[in-house]
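>
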Amino acid sequence: MSFSQSFRLAVKSLATSKMRALLTMLGIIIGVAAVIIIISLGDGMNDMINSEFEKMGTNLLQVQIMGRGTAQNIGEEEMYALEDENPDCIAAMSPSVSSVATVKQGSETLSTTLTGVGEEYIAVKSLELSQGRFIQYIDTARMQDVCVIGSYVNEESFNGAGLGETLSINGNEYTIVGVLAEQADNTSYGGDNSVYIPYTNATRLNGNAVISQYLFTATSEDTNARAKAVIESRLEQFYGDDDYYMVISMSEMMDMMGNIQGTVMTVLVAIAAISLLVGGIGIMNIMLVSVTERTREIGIRKSLGAKGKDIRRQFIIEAGTTSVLGGIIGIVLGVSLAAVAGNIVGITAKASLSAILISTGVSLAVGVIFGYLPANKAAKLNPIDALRYE
Amino acid sequence: MIKFTDVYKIYQMGDTAVHALDGVSFEISDGEFVAIVGQSGSGKSTAMNIIGCLDVPTSGTYELAGVDVSTMDDDQQAVIRNKMLGFIFQQYNLIPTLNVLENVELPLLYGGMPASERRSRAMKALDMVGLSSKYRNRPNQLSGGQQQRVSIARALAGNPGVILADEPTGALDSRTGREVLSFLQQLNAAGHTIVLITHDNSIAVRAQRIIRLQDGRIIYDGDAHDPRAVVQPTESGAEEPAGFGEEDEA
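Protein chains in written order, with my numbering: chain A, 42 to 431; chain B, 206 to 455.
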């Protein structure tokens with residue numbers, strides 16, 4: 042008997058008991074749907090994290106100076122020197138000084154982030170100006186009272202006409218010389234709600250404290266590691282101990298995040314796969330019942346010349362068809378649920394073709410493996426006993 | 206040709222060995238219509254299982270068309286059943302989920318016949334039993350007599366040399382039973398070897414030859430119209446000693 046005939050027989054016998062077939066498939070449906078949802082959302086999340094990292098700049102190196110109390114700390118001159126000495130791997134550098142000074146527009150206090158930066162900060166962070174100019178060398182050298190504002194501050198406090206106006210920072214009037222283009226989503230908690238001043242001013246506002254953060258960019262992804270090594274060796278030379286500083290590479294962070302996420306995904310998929318296993322056992326269970334119920338039919342078929350392998354194939358194909366059908370329903374369900382869930386969490390869920398192919402393959406394998414035992418039982422039935430079975 | 210040579214079938218029931226067939230030898234030539242008769246426990250079902258290649262003898266040989274089939278394995282026996290034997294059962298044994306045509310096609314399907322040929326052969330067999338118009342019906346939509354005719358068509362479809370009928374009228378009323386029997390006679394007239402298994406003398410006499418079994422032994426083998434063929438010495442009580450009936454008959 043050919044495969045297509047066996048397949049048709051299997052579909053026919055499934056069609057005669059649709060409710061039972063559906064219940065048998067349920068385990069597989071849930072298992073496959075769970076796997077698809079997890080993989081789709083996981084991939085979507087991965088994409089989102091990657092694009093966030095890329096926005097920050099994958100070539101970004103963040104240097105954190107913890108310092109060693111009262112002893113001398115490395116200064117910005119050394120950092121600028123580092124940039125000048127290594128043009129092959131370092132593209133730009135800027136101190137980044139967070140300040141907690143009070144920012145007022147007229148009598149109104151703004152709740153915004155105030156950062157002291159160097160002139161290359163705009164390049165380091167890949168920011169864009171929409172109006173005016175950015176902080177320049179002359180501003181930092183002369184500690185000029187100028188500032189650049191984010192698009193949110195411009196919209197909220199100046200109705201979009203902030204250029205040339207002034208902000209009061211700790212009582213000093215700062216002239217707004219530039220407005221940045223919208224870079225995030227123009228909300229109060231995004232990157233657009235910020236005010237930038239020369240880092241020298243910020244340091245003074247902070248009581249001449251040590252600059253604790255520098256941002257570097259490597260010239261390309263390939264020079265990332267070299268740039269990191271150059272910076273680290275300079276810091277090592279200065280401090281002699283890596284407890285006092287830390288260099289974080291965004292691409293390394295990205296890899297690390299990727300690894301963590303991969304592990305989490307594997308665990309989740311493994312958990313979801315357990316329900317596939319349970320589904321397989323469900324199929325085995327129903328197939329065993331079905332073999333018992335159809336003992337007489339098996340006897341008849343054998344009396345008409347069906348060989349053991351014909352019977353075995355019929356039941357294996359039936360089990361395989363059941364689970365593949367369940368798998369397909371599970372894929373459809375999983376893809377649509379993942380899309381809905383992705384919408385709710387704000388992730389673009391994408392079901393990869395490989396995930397779909399693998400789930401189909403796995404459900405087929407589950408059906409065939411768990412169908413084998415009942416099928417073999419059917420194949421080995423003695424035709425005389427089977428014919429006499431009531 | 207069916208040839209039993211000193212066939213034994215011994216079942217082990219706990220400590221005791223039950224001799225279902227106790228040294229049985231006979232020959233059935235091609236084209237014969239033979240009834241194997243006996244009461245329950247006489248060994249006729251065992252004989253039919255062995256003739257039908259559903260079982261193998263404990264010892265002795267069974268040759269079918271000159272081939273010793275008593276030592277074949279399951280798959281080889283399946284091929285013999287498929288090509289050389291057609292079964293008609295008391296309970297019709299049609300598969301309820303398949304329609305009439307599909308039921309009749311089954312032996313051809315397992316024989317590996319292509320679909321179009323299978324269909325035309327099955328329709329021809331249904332035509333012979335006068336049921337070609339019902340080919341799309343399910344078995345449970347037919348009467349008992351019609352179902353038995355479908356099972357005859359199924360037995361005929363593969364054009365086997367031997368048709369084995371196991372109590373073919375057992376589940377039918379007497380009128381439809383007679384119809385089925387005259388059908389078997391027609392088939393015999395058309396050249397098929399028919400082996401009819403029954404406990405009922407009135408049915409057995411429709412054959413040409415009767416082989417009567419009792420306690421695993423042949424107690425009569427000859428013309429169905431001989432008065433001795435229908436004598437049933439132990440019919441009144443199965444508890445009677447085994448040898449008693451034989452003596453009485455002799």
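Glycine included, C-beta positions come from ideal geometry on N, C-alpha and C.
Can you pull out the residues from the region 336 to 359 of chain A whose beta carbon lies closer than 9 Å to at least one beta carbon of chain B?
Answer in chain order: Arg337, Glu338, Gly340, Ile341, Arg342, Lys343, Ser344, Leu345, Gly346, Ala347, Lys348, Gly349, Lys350, Asp351.
> Are the CB atoms of isoleucine 69(A) and valine 310(A) nearer to each other than 7 Å?
The count along the first sequence starts at 1 and reaches residue 69(A) at position 28. The count along the first sequence starts at 1 and reaches residue 310(A) at position 269. It is not a contact, given that the beta carbons lie outside the stated cut-off.
> So, does the region 352 to 370 of chain B touch the region 282 to 295 of chain B, judging by three or more C-beta pairs under 8 Å?
The answer is yes - the region 282 to 295 of chain B touches the region 352 to 370 of chain B, with three or more Cβ pairs under 8 Å.
> Among Val271(A), Asn384(A), Ile372(A), which one has its Cα closest to the Cα of tyrosine 121(A)?
Within the first sequence, residue 121(A) is the residue found at index 80, counting from 1. Comparing Cα-Cα distances from tyrosine 121(A) to each of Val271(A), Asn384(A), Ile372(A), the minimum goes to Val271(A).
> Glycine 316(B): which of Ile416(B), Lys249(B), Arg422(B), Asn364(B) sits nearest, CA to CA?
Counting from one through the second sequence, the residue named residue 316(B) turns up at place 111. Of the candidates Ile416(B), Lys249(B), Arg422(B), Asn364(B), the one whose C-alpha sits nearest the C-alpha of glycine 316(B) is Asn364(B).
> For serine 192(A), which residues from the same chain have a beta carbon less than 8 Å from its beta carbon, with the 5 sequence-adjacent residues on both sides left out?
Taking the first residue of the first sequence as 1, we reach residue 192(A) at position 151. Within the same chain, serine 192(A) has close Cβ partners Ser171, Val220, Leu221, Ala222, Glu223, Gln224, Asn227, Asp233.
> If you drop the 5 nearest sequence neighbours on each side, which residues of the same chain put their C-beta closer than 6 Å to that of valine 218(A)?
As a first step, residue 218(A) must be located in the first sequence, where it is residue number 177. Once the five neighbours on either side are set aside, the close Cβ partners of valine 218(A) are Gly173, Arg174, Val187.
> In chain order, what residues of the same chain have a beta carbon less than 7 Å from the beta carbon of alanine 429(B), not counting five sequence neighbours either side?
Locating residue 429(B) in the second sequence gives position 224, counting from the first residue. Excluding residues within five positions, the ones whose Cβ falls inside 7 Å are Ala240, Ala409, Val410, Ala412, Gln413, Arg414, Ile415.
> Flag isoleucine 71(A) as yes if its beta-carbon sits less than 7 Å from any beta-carbon of chain B, otherwise no.
As a position in the first sequence, residue 71(A) is number 30, starting the count at 1. Answer no: the Cβ-Cβ gap between isoleucine 71(A) and chain B never drops below 7 Å.
> Applying a beta-carbon distance threshold of less than 8 Å, which residues of chain B neighbour serine 54(A)?
Your numbering for residue 54(A) matches position 13 in the first sequence. Within chain B, the residues near serine 54(A) are Thr302.
> Going by alpha carbons, who is nearest to serine 152(A) out of Leu50(A), Gly303(A), Tyr230(A)?
For the purposes of this step, residue 152(A) is taken as residue 111 along the first sequence, with counting starting at 1. Ranking Leu50(A), Gly303(A), Tyr230(A) by Cα distance to serine 152(A) puts Tyr230(A) first.
> Suppose the cutoff is 6 Å on Cβ atoms and the five residues either side in sequence are ignored; what does the same chain contact list for glycine 320(A) look like?
Here residue 320(A) refers to the residue found at position 279 when the first sequence is read from its first residue. Closer than 6 Å at the Cβ level, and outside the excluded window around glycine 320(A), lie Gly68, Ile69, Gly72.
> Which partner residues does histidine 224(B) have in the DSSP bridge list?
The residue you call residue 224(B) lines up with position 19 of the second sequence. The partner list for histidine 224(B) (beta bridge, DSSP) reads Ile215(B).
> Could you tell me how far apart the beta carbons of tyrosine 240(A) and valine 189(A) are, in whole angstroms, since I believe they sit closer than 8 Å?
One-based indexing of the first sequence puts residue 240(A) at position 199. One-based indexing of the first sequence puts residue 189(A) at position 148. Not confirmed; about 13 Å, so no contact.
> Compare the C-beta of leucine 259(B) against all C-beta atoms of chain A and say whether one is closer than 7 Å.
As a first step, residue 259(B) must be located in the second sequence, where it is residue number 54. Closer than 7 Å: yes.
> So, using beta-carbon positions, are phenylalanine 356(A) and alanine 406(A) closer together than 7 Å?
Counted from its first residue, the first sequence places residue 356(A) at position 315. Counted from its first residue, the first sequence places residue 406(A) at position 365. No, these two residues do not count as a Cβ contact at 7 Å.
> Roughly how many angstroms separate the alpha carbons of glycine 236(B) and glycine 375(B), rounded to a whole number?
On the second sequence, position 31 is the one that residue 236(B) refers to. On the second sequence, position 170 is the one that residue 375(B) refers to. Cα to Cα, the separation comes out at about 24 Å.
> Closest by CA to glycine 303(A), which one among Gln46(A), Arg49(A), Ile90(A)?
Here residue 303(A) refers to the residue found at position 262 when the first sequence is read from its first residue. The shortest C-alpha separation from glycine 303(A) is found at Ile90(A).
> If you check the beta carbons only, do alanine 427(A) and threonine 336(A) fall under 7 Å apart?
Indexing the first sequence from 1 puts residue 427(A) at position 386. Indexing the first sequence from 1 puts residue 336(A) at position 295. Cβ distance < 7 Å, so alanine 427(A) and threonine 336(A) count as in contact.
> What is the DSSP secondary structure of aspartate 420(B), reduced to helix, strand or coil?
On the second sequence, residue 420(B) is found 215 positions in, with the first residue counted as 1. Coil at aspartate 420(B), not helix or strand.
> Looking only at its own chain, which residues have a Cβ that is under 7 Å from the Cβ of alanine 313(A), when we skip the five neighbours before and after it?
Sequence index remark: in the first sequence, residue 313(A) carries index 272 (1-based). Cβ within range, chain order: Gly72, Ala75, Val76, Ile79.
> Let me know the secondary structure DSSP gives leucine 347(B) once reduced to three states.
In the second sequence, counting from the first residue as 1, residue 347(B) sits at position 142. Coil at leucine 347(B), not helix or strand.
> Is arginine 354(B) close to chain A? Criterion is C-beta to C-beta, closer than 7 Å.
Taking the first residue of the second sequence as 1, we reach residue 354(B) at position 149. By this cut-off, arginine 354(B) is not an interface position.
> Against chain C, does proline 312(B) count as a neighbour if the rule is that its beta carbon must be under 7 Å from one of theirs?
No chain C appears in the structure shown, which is made up of the protein chains A and B.
> Considering only residues of the region 347 to 377 of chain B, which uninterrupted alpha helix (DSSP H) runs meet the minimum length of 4 residues and lie entirely inside it, listed in chain order?
The region 347 to 377 of chain B contains these whole alpha helix (DSSP H) runs: 349 to 362.
> How long is the line joining the alpha carbons of glutamate 440(B) and glutamine 244(B), rounded to whole angstroms?
For the purposes of this step, residue 440(B) is taken as residue 235 along the second sequence, with counting starting at 1. For the purposes of this step, residue 244(B) is taken as residue 39 along the second sequence, with counting starting at 1. Note on glutamate 440(B): pLDDT 48, under 50, position unreliable in the model; the coordinate value appears next. Using only the alpha carbons, I get a separation of about 8 Å.
> Proline 424(A): buried (16+ other C-beta within 10 angstroms of its C-beta) or exposed?
For this step, residue 424(A) is matched to residue 383 along the first sequence. With 16 or more other Cβ atoms within 10 Å, it is buried.
> May I ask you to report which of helix, strand or coil DSSP gives proline 262(B)?
Numbered from its first residue, the second sequence carries residue 262(B) at position 57. If DSSP states are grouped into helix, strand and coil, proline 262(B) belongs with coil.
> Run through the region 79 to 111 of chain A for me and flag every whole beta strand (DSSP E) of 3 or more residues, listed as ranges in chain order.
Taking only runs of at least 3 residues, the beta strand (DSSP E) segments lying wholly in the region 79 to 111 of chain A are 101 to 106.
> Please confirm whether any heavy atom of the ligand HEM lies closer than 6 Å to the CB of alanine 122(A).
In the structure shown, the ligand HEM is absent, as is every other ligand, since no ligand is present at all.
> From the DSSP output, in three-state form, read off valine 141(A) for me.
Locating residue 141(A) in the first sequence gives position 100, counting from the first residue. Note: valine 141(A) maps to coil in three-state DSSP.
> At which residue ranges does the region 153 to 211 of chain A contain complete alpha helix (DSSP H) runs of 4 or more residues, listed in the order of the chain?
DSSP runs (the alpha helix (DSSP H)) wholly in the region 153 to 211 of chain A: 162 to 165, 178 to 183, 192 to 199.
> From Pro432(B), Met277(B), Arg343(B), Gly427(B), pick the residue whose C-alpha is nearest to that of isoleucine 233(B); which is it?
Counting from 1 along the second sequence, the entry for residue 233(B) is found at position 28. The option with the nearest alpha carbon to isoleucine 233(B) is Gly427(B).
> Is it the case that the Cβ atoms of leucine 246(A) and valine 165(A) are separated by a distance below 7 Å?
Taking the first sequence and counting its residues from 1, one reaches residue 246(A) at position 205. Taking the first sequence and counting its residues from 1, one reaches residue 165(A) at position 124. Result no, Cβ atoms of leucine 246(A) and valine 165(A) do not sit closer than 7 Å.
> Please work out which residues of its chain come closer than 7 Å, Cβ to Cβ, to tyrosine 215(A), disregarding the five sequence neighbours upstream and downstream, and give them in chain order.
By 1-based counting over the first sequence, the position of residue 215(A) is 174. Excluding positions up to five away in sequence, the list reads Asp186, Val187, Cys188, Thr207, Leu208, Ile238.
> Just to confirm, is the Cβ distance from valine 497(B) to proline 373(B) under 7 Å?
Residue 497(B) lies beyond the residue range present for chain B, which begins at 206 and ends at 455; the question has no answer from this structure.
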